[in-house]
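Protein chains in written order, with the working numbering: chain S, 1 to 264; chain F, 265 to 573.
I have placed the structure first, in the form of structure tokens, so that the comments after it can refer back to it.
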């Protein structure tokens, strides 16, 4: 398609995705507690507040803890599952795989309500481990997707050669499969981590205000009093996400991690 | 981002090292033990509980008691909730349509660029996708507000006389829906589009087709399945959003997720929330299947990953 059409399309999408962030970034710089854009001055005090006010940094620490452990759980489910799918023929593996992919085929609010009901029945509603486990299972889809792509791209002749040379399954996994899928594993971990960090409705329904995560805190502020701190936090969130995805892009080949094929 | 590689029609003949299944010993089952237990307990059992919960009786003192009553479903299907359901579906369909109109040409043009040039756009798309719905709602409420919104810009260039507030309301909800759906759609279309033969549109051009005609007659038929699957994915994702209609919408735009969360958390009526969730699940699945059928011209088979073996 002609060049101007492409440029217009790219400009439209980039402007659409960035416009809200530009306003949020501007609002975060207001010296007074107002939400003006353009800001009526320049101050970084709200970024200071984000790090010094326990009302904001405690939820931030909670979110980081939840995201770390949830991403570890997601990866711990996805790695053996995708490996068995690729390496063996096991009847029920397909069903397990379907469960791993299904959360993204459900309206998120239903997953959240399911988590709420589960933890009420198990009588641990409100405890921190509930959100970690529910996030972990919900976000398994992401490492499962990247690892499936990774294993698809792995040349089976390599594995065949190793087997011919007498390598056992364990050795093949350690020396060929694992090193090969490591960037896909890292990408899957990062996707799950960042999405857990930002996830609202499951966190709200499992732990709510007893183990407040940052999105739950922001939502509360959204209803009971806007503040430029929210804008500062939002900017920091976006910066963290961009930094992590850029890192993934630097370490691995982002187009390939997202499903483009081998040809450069 | 549901398994880019697992979408039917998107994967070329996959490489696999699958063994015959005989003589593997206990290893596959040992490896599968944790994923099976974890996903069953954390995904399947909760769905089962919701399905049962819809028939339980709410009790004032606690959450619910085991029973078999149909009151909850009667209420979930009353005139008020059916109107909410209709509003939810119409809003989600509108957002899906707008999203596809943006995402399909954008992703196609993006995948025609050299790989290295794509990376910054992919990072932006990924970062936008991961942005919390809460932050998205906050950002759009600012962008559409009187004090800090785009209307000030339009006043400055003389298009409008006075700044206006466009949030909460229908435009705010739709704009934010498309905002959360666009990155998901781009990432879902990306694998198929990037595997399209680079030379196809050029060939169409050589044969005399205009770029647009080449895109419509050559490219679109090849990506129909992926576009339909993406439409279904986006529809379900938007239909399940809670914060956006709750924060950016007026009561007229309060969708099923708002009602479900309201019943589950504020009104402490889990059985009604569960029956509403089941109604939403059934309707959303049926419409998602219809979207895929509409896009591909035939009814989808069970949506299991194609490369599963």
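Glycine included, every Cβ here is placed at the ideal spot set by N, Cα and C.
From a predicted model like this one, the values you see are computed outputs, not experimental measurements.
Around the Cβ of residue 511/F, a 10 Å sphere holds 16 or more other Cβ atoms; the residue is buried. Rounded to whole angstroms, the gap between the alpha carbons of residue 491/F and residue 9/S is 18 Å. DSSP, read as helix, strand or coil, puts residue 397/F in helix.
For a cut-off of 8 Å, the C-beta gap from residue 382/F to residue 255/S is around 6 Å, short enough to register as a contact. In this structure, residue 464/F and residue 487/F do not form a Cβ contact; the two beta carbons are roughly 11 Å apart against a cut-off of 8 Å. Setting aside the 5 residues that flank it on each side, residue 154/S is surrounded in the same chain by 180, each with a C-beta closer than 6 Å to its C-beta; the list follows chain order. Here DSSP, grouped into helix, strand and coil, assigns residue 89/S to coil.
Contact annotation: residue 43/S and residue 31/S have beta-carbon atoms nearer than 8 Å. Residue 481/F: not part of any alpha helix (DSSP H); DSSP gives it neither H nor E.
For the stretch 250-263 of chain S, residues whose beta-carbon sits nearer than 7 Å to a beta-carbon of chain F comprise 254, 255, 258, 259, 260, 261. Between residue 216/S and residue 204/S, the beta carbon gap of about 5 Å places them in contact (Cβ cut-off 8 Å).
Residues of chain S with a Cβ closer than 7 Å to the Cβ of residue 302/F are, in chain order, 77, 137.
Approximately 6 Å separates the beta-carbon atoms of residue 105/S and residue 500/F; this is inside 8 Å, confirming the contact. Membership of residue 217/S in the alpha helix (DSSP H) is indicated by the continuous run 214-223.
Under the Cβ criterion of 8 Å, residue 209/S is not counted among the residues facing chain F.
The residues 190, in chain order, have a CB closer than 8 Å to that of residue 247/S in the same chain once the five nearest residues on each side in sequence are set aside. In this structure the stretch 131-149 of chain S does not lie against the stretch 160-168 of chain S, because fewer than three pairs of beta carbons, one per stretch, are closer than 8 Å. Identification of residues in the stretch 169-189 of chain S having a C-beta nearer than 8 Å to some C-beta of chain F yields 169, given in sequence order. For residue 166/S, no Cβ of chain F is located within less than 8 Å of the residue's own Cβ.
Between the stretch 414-433 of chain F and the stretch 352-367 of chain F there are fewer than three C-beta pairs closer than 8 Å, too few to call the two in contact. Less than 8 Å separates the beta-carbon of residue 67/S from that of residue 197/S.
By the beta-carbon neighbour count (other beta carbons within 10 angstroms, threshold 16), residue 520/F is buried.
Residues of the stretch 107-135 of chain S that bring their beta carbon within less than 7 Å of a beta carbon in chain F comprise 107, 108, 109, 110, 113, 114, 115, 116, 117, 118, 120, 121, 133, 134, in sequence order.
Assignment of alpha helix (DSSP H) within the stretch 321-367 of chain F, counting only whole runs of 4 or more residues, yields 335-340 in chain order.
Neighbourhood of residue 484/F in chain S, by CB distance below 7 Å: empty, with the nearest CB roughly 13 Å away. Take the alpha-carbon of residue 374/F and the one of residue 289/F: they are about 46 Å apart. The DSSP assignment places complete alpha helix (DSSP H) segments of no fewer than 4 residues inside the stretch 39-99 of chain S at 45-52, 54-87, in order along the chain. Taking the Cβ atoms as the reference, residue 142/S lies roughly 5 Å from residue 192/S, within the contact range of under 8 Å. Listed along chain S are 87, 88, 89, 90, 169, each with a C-beta nearer than 9 Å to that of residue 288/F.
In the three-state DSSP reduction, residue 209/S falls in the coil class, being neither helix nor strand. By the criterion of a C-beta distance shorter than 7 Å, residue 399/F is surrounded by no residue of its chain, once the five residues flanking it on both sides are discounted. The C-alpha of residue 240/S is placed about 33 Å away from the C-alpha of residue 308/F. Cα atoms of residue 502/F and residue 28/S: separation of roughly 28 Å, rounded to the nearest angstrom. Counting only runs of 4 or more residues that sit fully inside the stretch 467-541 of chain F, the alpha helix (DSSP H) segments are 475-478, 484-503, 507-512, 520-525, in chain order. C-alpha of residue 359/F to C-alpha of residue 376/F: approximately 26 Å in a straight line.
As summarised for the stretch 431-466 of chain F, the continuous alpha helix (DSSP H) elements at least 4 residues long and confined to that stretch are 434-458, given in chain order.
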